[in-house]
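So the structure is just underneath, and the comments pick up after that.
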Amino acid sequence: MFRQRVIHILLIFMILITQPGCWSSKEIEDLSIFTGLALDKGEPKAIEREFEEHGGSYQKHNKVTATVQIVPERTIGNSGKSGETPKTHYNNISETGDSLLEIFRQYSIRQNRPIIGHHLKVIVISEDLVQQEKIRRLMDFVLRDNDIRPSCLIFLSKGRASDTLVTKEEEIPSFRLAEMVRNNFRTSKVMKGITLSHLDALMYSKQSFVLQNIVEAQGEVKFSGAGIIKGDTGHWIGNLDQHDVESIAWIKGDIQGGNIKAYDRSNDTVTYEIKSVKSKITLKEGDDKAMSFHVVIESTGRLIEDWNVDEDSSNVPYFEELEKIFEDELTQHINDLIYKMQSTYKVDVAGFGDRLSIEKPLVWKQMKDHWDEEFTRIPLTFDIKLKITDFGSTSK
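As structure tokens, this is what we get:
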């Protein structure tokens, strides 16, 4: 009996010492974890200028202001007491310079612990900064840094990027931005998130691309269209609106949800809710070797809203008329996008180059370095068919 007890104790001891554990673990409150990074044109904050006046300066050029969002803040304060302003659950710190690594090290002489980027969720870059500096330069450090996960999301901002990391709500702004991307199953105005690793591939290809734009007003943020990054220069050159972002998704067939709003012959609102979308880009080549693209888009959906109360939604001639109205509306949006791509900005950001690279890799190899220029001269045609398959829960 005694021998069996000894054996049992030894077995338990051996099992315990082989279990993994975090011997050097630290409480999250003791770590300066930053979950958001905003990059703006270099404009030192008032506190930075005051530090410099007192000798707290070093050799640098004020090219970029980096703002990190640290969570959680160690000192929460007595937010429960009446008459006192509750402390936020994050702390934004800004520093200006010309090297992100050096800026990050400067935080170490302003804070009681260094920052850690293992949980970085979002990087927001202002359009003004990308207009001034190549995006590859701005992303060089974060791509090289092993601490930063390649899954963090990249956005552009129309105003100061640091303003997008502030909110009136009791939430962490960087978490909120990352979670908003998931809403693309509700609307195609929300782009599929561009991760750091995806951005690296886009920059390496030197092809033009778009990043989701964020606008800020009164402490709130909103996704609004997309900013265009020119492939051969790496600079921001302009914006696409919300309908343009939707049109890109229609051309690529990359739609999880959304709607088309239009107006019937009585100028009453009618809305088509998307149930499914299929899109196919076909490369055509004429006898003279001239290329063209033909896009076939097919969709099923429901008539989810009809303000014309005098019409019977289930009446076949009426809903066939509405199908044509929705097709014309989508066609107009796509034509607007094509004009902007081929005439205004002279870029392909809708995947036509990708189709060429798949079907004609040798031709693509010859054209890829000047594809945007070639794309402006290539004819594009569309065949759009939308079918209303139901009318929601009620109809006349």
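Numbering-wise, this note's numbering comes out as the position in the sequence shown, counting from 1, plus 176. Glycine included, every Cβ here is placed at the ideal spot set by N, Cα and C.
(request) Would you check if the distance between the CB atom of residue 310 and the CB atom of residue 410 is smaller than 9 Å? (result) yes
(message) What does DSSP give as the partner residue(s) for residue 435 in the beta ladder?
(response) 449
(request) Take the Cβ of residue 419 as the centre, count every other Cβ of all protein chains shown within 10 Å, and call the residue buried at 16 or more, exposed below. (result) buried
(message) Quick check on residue 370: does DSSP put it in helix, strand or coil?
(response) coil
(request) Just confirm the distance between the C-beta atoms of residue 141 and residue 335, as a whole number of angstroms; I'd bet it's less than 8 Å. (result) The requested residue 141 is not part of the displayed model; the chain covers only 177 to 572.
(message) Restricting to Cα atoms, I'd like to know which of 319, 347, 299 and 323 is closest to residue 332.
(response) 299
(request) Note down the Cα distance separating residue 265 from residue 212, rounded to an integer number of angstroms. (result) 13 Å
(request) Please name the residue, chosen from 553, 325, 356 and 541, that lies closest to residue 381 on a Cα-to-Cα basis. (result) 541
(message) If I measure Cβ to Cβ from residue 379 and keep anything under 6 Å in the same chain, skipping five residues before and after, which residues do I get?
(response) 312
(request) Select from 545, 317, 316 and 531 the residue whose C-alpha is nearest the C-alpha of residue 407. (result) 545
(request) Would you list the one or two residues that DSSP bridges to residue 268? (result) 245
(message) Can you look up residue 560 in the DSSP assignment and give me helix, strand or coil?
(response) strand
(request) Inspect the CB distances between the segment 451-463 and the segment 414-428 and report whether three or more fall short of 8 Å. (result) yes
(message) So that I know if they touch, is there some Cβ in chain B lying closer than 9 Å to that of residue 300?
(response) Within the model displayed, chain B is absent; a lone protein chain is all it includes.
(request) Classify residue 538 as buried or exposed, calling it buried when 16 or more other Cβ atoms lie within 10 Å of its own Cβ. (result) exposed
(request) Would you decide whether residue 242 is buried or exposed? Buried here means 16 or more other CB atoms lie within 10 Å of its CB. (result) buried
(request) Name, in chain order, the residues that DSSP records as bridge partners for residue 396. (result) 393
(request) Could you tell me which residues DSSP puts in a beta bridge with residue 546? (result) For residue 546, which the question treats as bridged, DSSP gives no partner whatsoever.
(request) Classify residue 481 as helix, strand or coil using the three-state DSSP reduction. (result) strand
(request) Starting from residue 566, follow its DSSP beta bridges and name the residues at the other end. (result) 478
(request) Evaluate contact between the segment 350-359 and the segment 489-496, counting only Cβ atoms and requiring at least three cross-stretch pairs below 8 Å. (result) no
(request) Give a yes or no on whether the C-beta atoms belonging to residue 469 and residue 557 are separated by under 9 Å. (result) yes
(request) Measure the C-alpha to C-alpha separation of residue 279 and residue 248 and round it to an integer number of angstroms. (result) 21 Å
(message) To the nearest angstrom, how far is the alpha carbon of residue 429 from that of residue 475?
(response) 10 Å
(request) Quick one: give me the first and last residue of the beta strand (DSSP E) that residue 214 is part of. (result) 208-217
(request) My understanding is that residue 341 touches residue 214, with C-beta atoms under 8 Å, so please give their C-beta distance in whole angstroms. (result) 5 Å
(message) Using CA atoms only, rank isn't needed, just tell me which of 231, 555 and 289 is closest to residue 462.
(response) 555
(request) Please determine, among 296, 289, 500 and 562, the residue with the shortest C-alpha to C-alpha distance to residue 473. (result) 562
(message) Within the continuous alpha helix (DSSP H) that includes residue 492, where are the two ends?
(response) 492-515
(message) So, for residue 569: in the same chain, excluding its five sequence neighbours on each side, which residues have a beta-carbon less than 8 Å away from its beta-carbon?
(response) none
(request) Note down the Cα distance separating residue 386 from residue 403, rounded to an integer number of angstroms. (result) 5 Å
(message) What does the alpha-carbon distance come out to for the pair residue 303 and residue 318?
(response) 18 Å
(request) Taking residue 525 as part of the alpha helix (DSSP H), name the residues at either end of that continuous run. (result) Note, residue 525: premise wrong, no alpha helix (DSSP H); not H, not E.
(message) So for residue 363, helix, strand or coil by DSSP?
(response) coil
(request) Would you check if the distance between the CB atom of residue 353 and the CB atom of residue 437 is smaller than 9 Å? (result) no
(request) May I ask you to check if the CB of residue 220 is nearer than 8 Å to at least one heavy atom of the ligand GTP? (result) No copy of the ligand GTP appears in this structure; indeed no ligand is present at all.
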